[in-house]
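Participant: Please read through the structure below; I'll follow up with questions.
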Amino acid sequence: MTEPSKKAATREIVERNLPARYRSESRFRTAGIVAIIVSVIILVLLIGSIGLKSLPAYTAWQIHLPVALDQALVDPEGDSSEASIRQGSFGRVLQNGMRETFPDVSGRSNMRSLFQLYTSLNSTRLMDQVIADPGLIGSDYVFTMPLGDDLDLYLKGMLVEDRSVEMNGVLEIEAGRRRTNIQSQSADFAIVLAELQQMMIDEALSLESRAAANRTLMASVDAEEADRLNEEAARFDQRAQVLRTDAAGENGQLELSDDLPSVIVEFRGGAIRMNRLDLNGQGGSGESILSIAENRSDEAWTLYVVDTPQARRRIPDNQLIWTRALVERGIVTQAFNHYFFANADSREPELAGIRGALNGSILTLIVTLLLSIPVGIATAIYLEEFAPKNKFTDLIEVNINNLAAVPSIIFGLLGVAIFIDVFSLPRGTPVLGGLVLSLMTLPTIIIATRASLKAVPPSIRQAALGVGASRTQSVFHHVLPLATPGILTGSIIGLSRALGETAPLLMIGMVAFIADAPKLSLEGFTEPATVLPVQIYLWYSAAERAFEPRAAAAIIVLLTLIISFNAVAVYLRRKFERRW
Amino acid sequence: MTTAQAQATLYHDIPEARDVKVAIAGVDVHYGDKQALFDVSMQIPDRSVTAFIGPSGCGKSTFLRCVNRMNDTIDGAVVTGSLKIDGTEINDKTIDPVVLRASVGMVFQKPNPFPKSIYDNVAYGPKIHGLAATREELDGIVEQSLVKAGLWGEVSDRLTDPGTSLSGGQQQRLVIARAIAVNPEVILMDEPCSALDPIATAKVEELIDELRENYCIIMVTHSMAQAARVSQMTAFFHLGNLVEYGPTEEIFTNPRERRTQDYITGRFG
Chain A
1 MTEPSKKAAT
11 REIVERNLPA
21 RYRSESRFRT
31 AGIVAIIVSV
41 IILVLLIGSI
51 GLKSLPAYTA
61 WQIHLPVALD
71 QALVDPEGDS
81 SEASIRQGSF
91 GRVLQNGMRE
101 TFPDVSGRSN
111 MRSLFQLYTS
121 LNSTRLMDQV
131 IADPGLIGSD
141 YVFTMPLGDD
151 LDLYLKGMLV
161 EDRSVEMNGV
171 LEIEAGRRRT
181 NIQSQSADFA
191 IVLAELQQMM
201 IDEALSLESR
211 AAANRTLMAS
221 VDAEEADRLN
231 EEAARFDQRA
241 QVLRTDAAGE
251 NGQLELSDDL
261 PSVIVEFRGG
271 AIRMNRLDLN
281 GQGGSGESIL
291 SIAENRSDEA
301 WTLYVVDTPQ
311 ARRRIPDNQL
321 IWTRALVERG
331 IVTQAFNHYF
341 FANADSREPE
351 LAGIRGALNG
361 SILTLIVTLL
371 LSIPVGIATA
381 IYLEEFAPKN
391 KFTDLIEVNI
401 NNLAAVPSII
411 FGLLGVAIFI
421 DVFSLPRGTP
431 VLGGLVLSLM
441 TLPTIIIATR
451 ASLKAVPPSI
461 RQAALGVGAS
471 RTQSVFHHVL
481 PLATPGILTG
491 SIIGLSRALG
501 ETAPLLMIGM
511 VAFIADAPKL
521 SLEGFTEPAT
531 VLPVQIYLWY
541 SAAERAFEPR
551 AAAAIIVLLT
561 LIISFNAVAV
571 YLRRKFERRW
Chain B
1001 MTTAQAQATL
1011 YHDIPEARDV
1021 KVAIAGVDVH
1031 YGDKQALFDV
1041 SMQIPDRSVT
1051 AFIGPSGCGK
1061 STFLRCVNRM
1071 NDTIDGAVVT
1081 GSLKIDGTEI
1091 NDKTIDPVVL
1101 RASVGMVFQK
1111 PNPFPKSIYD
1121 NVAYGPKIHG
1131 LAATREELDG
1141 IVEQSLVKAG
1151 LWGEVSDRLT
1161 DPGTSLSGGQ
1171 QQRLVIARAI
1181 AVNPEVILMD
1191 EPCSALDPIA
1201 TAKVEELIDE
1211 LRENYCIIMV
1221 THSMAQAARV
1231 SQMTAFFHLG
1241 NLVEYGPTEE
1251 IFTNPRERRT
1261 QDYITGRFG
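Residue numbers (the numbering used here), protein chains in the order written: chain A, 1 to 580; chain B, 1001 to 1269.
So this is what it looks like as structure tokens:
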């Protein structure tokens, strides 16, 4: 029928177009592969960076403090009753323990600094332990508590820049009342001294160049502004002058201010914070923070330099020194951070944990699950299998689809307007949160269920109706079992979305500071609670730096939960999927 | 319309001396605004095979689905007129389609076993209708149905395998076994062999021929040869009208209508 020449022409045309067709195909495939690689990289970066940030939260430095539980202090009534123990001064017990550990610390301000190695909230924890075991009264007890959050970060190397240099020259120590002099036989301090001087000179140079810049600017501004610049330049010059003078030293010594790195000599459990360094680099004088018994040593010693100046950090040198000494003595050790998993929120990061938020999330999710899954699936089955197709059901369908696209915060407003204002449910409780999240999850579950009911081939329905099954029987015996994997997947994905939801819960007051974890029992549903994403939000906006790794760790916990939810969804789908 | 009516009355008489099982008078079917069947009247004899032939879209499947009220499940479908099985009006809201479908089985074009075991496929009907009081009785019904469907020998040792694991022809016979398990009086078949290969088709046709002894079988087919092979009565539909109805031999050898002749000789369709 087709002539040979015509055939050849067709083939020619096809061949001419072929390279372009293949090119566009390979372009499309490349674009797809690039898109996948980019998204995988972004995902890895995201989870990797959160994971890295969260690492410090999994371990905690703890103080194992020996304390004497004197009856007079912890049990003033002397009858070991709870009421009596509650009147005990456990703060004093802890303070006494610290005093015993560092007997040579004296002076009010030093004492106060010493007691800041831990948070005073620990006295309540000690009290609870004594109430739980009154037999402890009168005994010597080793109380374990977390180190203060800043010092914990310091030991994890996140708070200051520091370095320690091992030295082995012979040291002469001359301890006075107010100051301790140190002399080394070699110029052990020379390098540090030179660095400090260079630092001061550099600072002076930068001040002088800023003064010069100000003077250059003066030519191009009006008189008033010029005056101001001139004054500022004069101040810069003055400060530079002071720095240069200080760097040159006085009486053969360089004075170390709080704006300079701290220089600390550590030796045999003792520590001296240097205030002055001799310009010959062989010694200096300082304040003895942990006293050294001998006055001469030919053993190795440590020159410990904290490059972050004392004026620019939250913890003073003496706290650093005490902490290092406690680590040295084995009183402070690093362990798994069980506080993070066992405790509810706390205003002190070292005692803060996700337990409260986790329980809140579990309780809220139980309410959501019990409400949204039965209601959602029943709605979907009715709409898909039984409802007449008319304007009214069309309207309902359109509205359900719209609800799925409503921003979640709107559901929070709805929750406030209906559940709180009309039904007067208690604010900030899992039952309220669960109700609001059910509103949000319902459309997702209805849509997923309807889609999987629609995907069941009509031949199955016809077969069931054909042997005389009623409509309900055909739905429940045949259609629903086939749709189950899809329904489960949709429901679980809806629930995992609810697990990660924050905005509507902020509206209904689940954002409060909850220091007691809600109980995983019936009354837990009506206790004030918060949930994981809200806890993350609270911690990220907190002032203390130590909350940051804890927020990251809470994200990891939340992600783990959500990913395992989705894995369960995939598993159930695989398991129940039937082919026909 | 008047000619259609005239034809309808023409073939209205009981053919031969057989008992009438299904009597249809003046049936119209509308899908929304569209009329799919125009005033169909016919009488279908018991213990025989009646074949509906005609080009696609002529209304033969629609008509078949009237007999077990399967059209009820389609939104907007309206069936008017009289359909009687053994003298009982079935196109009546007071008749429950569930009861009707227990006595009018149906086999579809594509084999559609439930995604359950072979046993459960056959046992499902008896179970929901409560036809078996004991497990032994149910086992008996399943075995008899599979034997009647000619499938027992092939599946007796693997009743717990899923019905969907069978071949296409076996699936279709399984579906027939499922239909006869509830002991129906009428079996409707909507192109039962169109998805099967010639060997499976031959087996199903053989089965239909055997089942004829006990049931009133109504089948829709696209294959004229099949209609000629297995049916005793044939009805030709065209554009929603019943054009001609009579004994198969007569329709194929001596059709009264020009359109019937054109269709069976392959001049259109």
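For every residue, glycine included, the Cβ atom is placed at its ideal position computed from N, Cα and C.
This one's a predicted model, so the numbers in the text were calculated from it and none came from an experiment.
Helix, strand or coil: how does DSSP classify His64/A here?
Facilitator: Walking along the first sequence from the start, residue 64/A turns up at place 64. Here His64/A sits in strand by DSSP.
Participant: Is any beta-carbon of chain B found at less than 8 angstroms from that of Ile50/A?
Facilitator: If you number the first sequence from 1, residue 50/A lands on position 50. So no, Ile50/A is outside the interface.
Participant: Under 8 angstroms between beta-carbons, which chain A residues line up against Ala1023/B? List them in chain order, please.
Facilitator: Numbered from its first residue, the second sequence carries residue 1023/B at position 23. Within chain A, no residue comes near Ala1023/B; the closest Cβ sits about 22 angstroms away, beyond 8 angstroms.
Participant: Return the chain-ordered list of same chain residues with a C-beta closer than 6 angstroms to the C-beta of Val1078/B, the five sequence neighbours on each side being excluded.
Facilitator: Taking the first residue of the second sequence as 1, we reach residue 1078/B at position 78. Cβ within range, chain order: His1030.
Participant: What are the residues of the region 454 to 468 of chain A that lie near chain B, defined by any Cβ-Cβ distance shorter than 7 angstroms?
Facilitator: If the cut-off is 7 angstroms between Cβ atoms, the region 454 to 468 of chain A has Ser459, Ile460, Gln462, Ala463, Leu465, Gly466, Val467 and Gly468 near chain B.
Participant: Determine, for Ala1102/B, whether the minimum Cβ-Cβ distance to residues of chain A falls below 8 angstroms.
Facilitator: As a working mapping, residue 1102/B is identified with position 102 in the second sequence. Closer than 8 angstroms: yes.
Participant: Count the C-beta pairs between the region 385 to 405 of chain A and the region 186 to 203 of chain A that are closer than 8 angstroms, then say yes if the count reaches three, no if not.
Facilitator: Contact between the region 385 to 405 of chain A and the region 186 to 203 of chain A is absent, because fewer than three Cβ pairs lie under 8 angstroms.
Participant: How big is the Cα-Cα spacing for Gly51/A and Leu45/A?
Facilitator: In the first sequence, the residue the question calls residue 51/A occupies position 51. In the first sequence, the residue the question calls residue 45/A occupies position 45. Whole-angstrom Cα-Cα distance: 10 angstroms.
Participant: What's the call for Asp149/A, buried or exposed, on a 16-neighbour Cβ count within 10 Å?
Facilitator: As a working note, residue 149/A is residue 149 in the first sequence. Asp149/A is buried by the Cβ-count criterion.
Participant: Leaving out five residues before and five after Phe1236/B in sequence, what residues of the same chain have Cβ atoms less than 7 angstroms from its Cβ?
Facilitator: Residue numbering aside, residue 1236/B sits at position 236 when the second sequence is read from its first letter. Same-chain partners within the cutoff: Ile1053, Gly1054, Val1243, Glu1244, Ile1251, Thr1260 and Tyr1263.
Participant: Could you pull the start and end residues of the beta strand (DSSP E) that Ala1225/B belongs to?
Facilitator: Sequence index remark: in the second sequence, residue 1225/B carries index 225 (1-based). Careful: Ala1225/B lies outside any beta strand (DSSP E), inside the alpha helix (DSSP H) at Met1224 to Val1230.
Participant: Kindly indicate which residue of Asn122/A, Val67/A, Leu126/A and Tyr571/A has the alpha-carbon position closest to the one of Arg99/A.
Facilitator: The residue given as residue 99/A occupies position 99 in the first sequence. Closest option to Arg99/A, Cα to Cα, is Val67/A.
Participant: Does Gln1007/B pass the burial test, meaning 16 or more other C-beta atoms within 10 Å, or should it be called exposed?
Facilitator: Here residue 1007/B is taken as the residue at index 7 of the second sequence, counted from 1. With a pLDDT of 44 at Gln1007/B, under the threshold of 50, the modelled position of that residue is not reliable, and the figure given next carries that caveat. Looking at its Cβ environment, which holds 16 or more other Cβ atoms inside 10 Å, Gln1007/B is buried.
Participant: Which runs of the alpha helix (DSSP H) at least 4 residues long sit entirely within the region 492 to 542 of chain A? Give them in chain order.
Facilitator: Counting whole runs of 4 or more residues, the region 492 to 542 of chain A contains the alpha helix (DSSP H) stretches 503 to 507 and 532 to 540.
Participant: Find out if the Cβ-Cβ distance for the pair Ile447/A, Asn401/A is shorter than 8 angstroms.
Facilitator: Here residue 447/A refers to the residue found at position 447 when the first sequence is read from its first residue. Here residue 401/A refers to the residue found at position 401 when the first sequence is read from its first residue. Their beta carbons are under 8 angstroms apart, which means Ile447/A touches Asn401/A by this criterion.
Participant: Compute the beta-carbon to beta-carbon distance between Leu260/A and Met274/A, rounded to the nearest angstrom, for a pair I have assumed lies under 8 angstroms.
Facilitator: For the purposes of this step, residue 260/A is identified with residue 260 of the first sequence, where counting begins at 1. For the purposes of this step, residue 274/A is identified with residue 274 of the first sequence, where counting begins at 1. Their Cβ separation, rounded to whole angstroms, is 10 angstroms, which puts Leu260/A and Met274/A out of contact at 8 angstroms.
Participant: Are the C-beta atoms of Met1/A and some chain B residue less than 8 angstroms apart?
Facilitator: On the first sequence, residue 1/A is found 1 positions in, with the first residue counted as 1. Reliability fails at Met1/A, whose pLDDT of 48 lies under 50, so the model's placement of it is uncertain and the value that follows must be treated cautiously. Closer than 8 angstroms: no.
Participant: Which residues in the same chain as His1238/B place their Cβ atom closer than 8 angstroms to its Cβ, once the five residues preceding and following it in sequence are excluded?
Facilitator: As a working note, residue 1238/B is residue 238 in the second sequence. So the list reads Gly1054, Pro1055, Cys1058, Arg1259 and Tyr1263, once near-sequence residues are dropped.
Participant: Could you compute how far the alpha carbon of Ile1044/B sits from the alpha carbon of Ala404/A?
Facilitator: What you label residue 1044/B is simply residue 44 of the second sequence in a count that begins at 1. What you label residue 404/A is simply residue 404 of the first sequence in a count that begins at 1. Near 54 angstroms, if we compare the C-alpha coordinates of Ala404/A and Ile1044/B.
Participant: Under the assumption that Val130/A contacts Ile85/A (Cβ atoms under 8 angstroms), give the Cβ distance between them as a whole number of angstroms.
Facilitator: Taking the first sequence and counting its residues from 1, one reaches residue 130/A at position 130. Taking the first sequence and counting its residues from 1, one reaches residue 85/A at position 85. Right, their Cβ atoms sit about 6 angstroms apart.
Participant: Does the Cβ-Cβ distance between Gly468/A and His1129/B come in under 8 angstroms?
Facilitator: As a first step, residue 468/A is located in the first sequence; it is residue number 468 there, counting from the start. As a first step, residue 1129/B is located in the second sequence; it is residue number 129 there, counting from the start. For Gly468/A and His1129/B, yes; Cβs fall inside 8 angstroms.
Participant: The beta strand (DSSP E) spanning Val1079/B covers which residue range?
Facilitator: Locating residue 1079/B in the second sequence gives position 79, counting from the first residue. Start and end: Ala1077 to Ile1085.
Participant: Considering Leu989/B, what are the terminal residues of the alpha helix (DSSP H) in which it resides?
Facilitator: Here chain B comprises residues numbered 1001 to 1269, so residue 989/B is not present and cannot be evaluated.
Participant: To the nearest angstrom, report how far apart Leu114/A and Leu94/A are at their CA atoms.
Facilitator: Taking the first sequence and counting its residues from 1, one reaches residue 114/A at position 114. Taking the first sequence and counting its residues from 1, one reaches residue 94/A at position 94. When rounded, the distance between both Cα atoms is 11 angstroms.
Participant: What does Val1142/B touch in chain A if you count any residue whose Cβ is under 9 angstroms from its own?
Facilitator: Taking the first residue of the second sequence as position 1, residue 1142/B is located at position 142. Chain A residues near Val1142/B: none, gap ~13 angstroms exceeds 9 angstroms.
Participant: Could you tell me which residues DSSP pairs with Asn181/A in its beta bridges?
Facilitator: Within the first sequence, the letter at position 181 stands for residue 181/A. Glu174/A and Ser285/A.
Participant: Whole angstroms is fine: what's the gap from Ser206/A's alpha carbon to Val263/A's?
Facilitator: Mapped onto the first sequence, residue 206/A falls at position 206. Mapped onto the first sequence, residue 263/A falls at position 263. Approximately 24 angstroms, taken between the alpha carbons.
Participant: When the distance is taken between beta carbons, is Val511/A closer than 8 angstroms to Thr530/A?
Facilitator: Counted from its first residue, the first sequence places residue 530/A at position 530. Counted from its first residue, the first sequence places residue 511/A at position 511. In contact: Thr530/A and Val511/A (Cβ atoms closer than 8 angstroms).
Participant: If we define contact as Cβ-Cβ less than 8 angstroms, is Met1070/B a contact residue for chain A?
Facilitator: To locate residue 1070/B, count along the second sequence from 1; it is residue 70. Judged by the 8 angstroms Cβ criterion, Met1070/B is in contact with chain A.
Participant: In whole angstroms, what is the alpha-carbon distance linking Gly157/A and Ala553/A?
Facilitator: Counting from one through the first sequence, the residue named residue 157/A turns up at place 157. Counting from one through the first sequence, the residue named residue 553/A turns up at place 553. Taking the straight line from one Cα to the other gives about 18 angstroms.
Participant: What residue range does the alpha helix (DSSP H) around Pro549/A cover?
Facilitator: Counting from 1 along the first sequence, the entry for residue 549/A is found at position 549. Its alpha helix (DSSP H) spans residues Phe547 to Phe576.
Participant: Closest Cβ-Cβ distance between Lys389/A and chain B: below 8 angstroms?
Facilitator: Reading the first sequence from its first residue, position 389 is the one you call residue 389/A. For Lys389/A, the answer is yes, since a Cβ of chain B falls inside 8 angstroms of its Cβ.
Participant: Using a Cβ-Cβ cut-off of 7 angstroms (strictly less than) and excluding sequence neighbours within five positions of His1222/B, which residues of its own chain qualify?
Facilitator: Reading the second sequence from its first residue, position 222 is the one you call residue 1222/B. Glu1191 and Ser1194, listed in sequence order.
Participant: On the CB-based measure, 16 or more other CB atoms within 10 Å of its CB, does Ile508/A come out buried or exposed?
Facilitator: Numbered from its first residue, the first sequence carries residue 508/A at position 508. Buried is the call here.
Participant: Starting from His338/A, follow the beta strand (DSSP E) in both directions and report where the run begins and ends.
Facilitator: On the first sequence, position 338 is the one that residue 338/A refers to. It is not in any beta strand (DSSP E) - His338/A instead sits in the alpha helix (DSSP H) that spans His338 to Ala342.
Participant: Determine, using beta carbons only, whether Gly1076/B and Ala1179/B come nearer to each other than 8 angstroms.
Facilitator: Along the second sequence, one-based indexing puts residue 1076/B at 76. Along the second sequence, one-based indexing puts residue 1179/B at 179. Their beta carbons are not under 8 angstroms apart, which means Gly1076/B does not touch Ala1179/B by this criterion.
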